[in-house]
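K.L.:
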């Protein structure tokens, strides 16, 4: 028998001697660890939940008094893994007029349609998701003539929800923000609240995504830690209760009477 086999034999012998003593403890710890694993799995699912639908906001604003604007229509939007960060964009300039492109799918050289409105200092392209990649659309939009668009708003088919977009061929050349909205939002951008009637559009980070969701993650993480500590404390209490020596005294009748001989009665011969 080699050294490896000898060590395995010793391990099996020791395990066999301890299995009867530790079986209850193992069952308890297995149950507690299973409960903790389930709780941790729920926590990870909360973290991986698709919260992209509320990652960004596309708002339509109407003219108000004193040259201001107020929001009247709001859409949830998803982002892309390429292009300018929406948070950075919102600090720089996040207002503009929403326009279609020529051609409408932005899969080739794009021209901005002629406008007579001088109130728009920035323009956002609104194009459907079809025929070419998202990064290709973004590239043609930002290099449009006679003026490049400042952002790209992609909309999906009716009945579909926005999704996070991935870049491909032109992803490293994109320096404008790219977001996706649903079909209903496009209807509001291009028809119900047109720039021709003085409506403008803003693209920004959803306050809930920026502030409340991180706090939710912190609260869930704290709950996981507290739950783990509670399980650990419970297991320690159970083990202490099981290992506590019995203090019950046996009755005197259970002791066997032992006669004591005097020294005179002892025969040393």
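Numbering (this note's numbering), first residue to last: 390 to 658. C-beta atoms are modelled at their ideal positions from N, C-alpha and C, and glycine is treated no differently.
Determine the direct distance from the alpha carbon of residue 593 to that of residue 539, and round the result to whole angstroms.
P.N.:
Their backbone Cα atoms lie some 14 Å apart in a straight line.
K.L.:
In this structure, how does DSSP classify residue 538 when only helix, strand and coil are distinguished?
P.N.:
Here residue 538 sits in coil by DSSP.
K.L.:
Determine the burial state of residue 630: buried for a count of at least 16 other Cβ atoms within 10 Å of its Cβ, exposed for fewer.
P.N.:
Result: exposed.
K.L.:
Consider the C-beta atom of residue 554 and the heavy atoms of the ligand FAD; say whether any pair is separated by less than 7 Å.
P.N.:
The model depicted lacks the ligand FAD and carries no ligand whatsoever.
K.L.:
So, helix, strand or coil for residue 444, using DSSP?
P.N.:
If DSSP states are grouped into helix, strand and coil, residue 444 belongs with coil.
K.L.:
In angstroms with no decimal places, state the Cα-to-Cα distance between residue 562 and residue 552.
P.N.:
Each residue's alpha carbon lies about 21 Å from the other.
K.L.:
So what does DSSP say about residue 471, is it helix, strand or coil?
P.N.:
Correct three-state label for residue 471: coil.
K.L.:
Label residue 531 either buried or exposed according to how many other C-beta atoms from any shown protein chain fall within 10 Å of its C-beta, with 16 as the threshold for buried.
P.N.:
Buried is the call here.
K.L.:
In terms of alpha-carbon separation, which member of 501, 483 and 444 lies closest to residue 489?
P.N.:
Residue 489 has its Cα closest to that of 501, out of 501, 483 and 444.
K.L.:
Name the two residues that bound the continuous beta strand (DSSP E) containing residue 486.
P.N.:
Run containing residue 486: 484-488, per the beta strand (DSSP E) assignment.
K.L.:
Considering just the uninterrupted stretch of the alpha helix (DSSP H) at residue 663, what are its terminal residues?
P.N.:
In the structure displayed, the chain extends from 390 to 658; residue 663 sits before or after that span and is not available.
K.L.:
Mind listing, in chain order, the continuous alpha helix (DSSP H) runs of no fewer than 4 residues lying wholly within the stretch 549-625?
P.N.:
Listed in chain order, they are 572-576.
K.L.:
Going straight from the alpha carbon of residue 575 to that of residue 447, what length do you get?
P.N.:
Going by the C-alpha atoms only, they are around 10 Å apart.
K.L.:
State the Cα-Cα distance for the pair residue 444 and residue 550, rounded to the nearest angstrom.
P.N.:
Roughly 13 Å separates the two Cα atoms.
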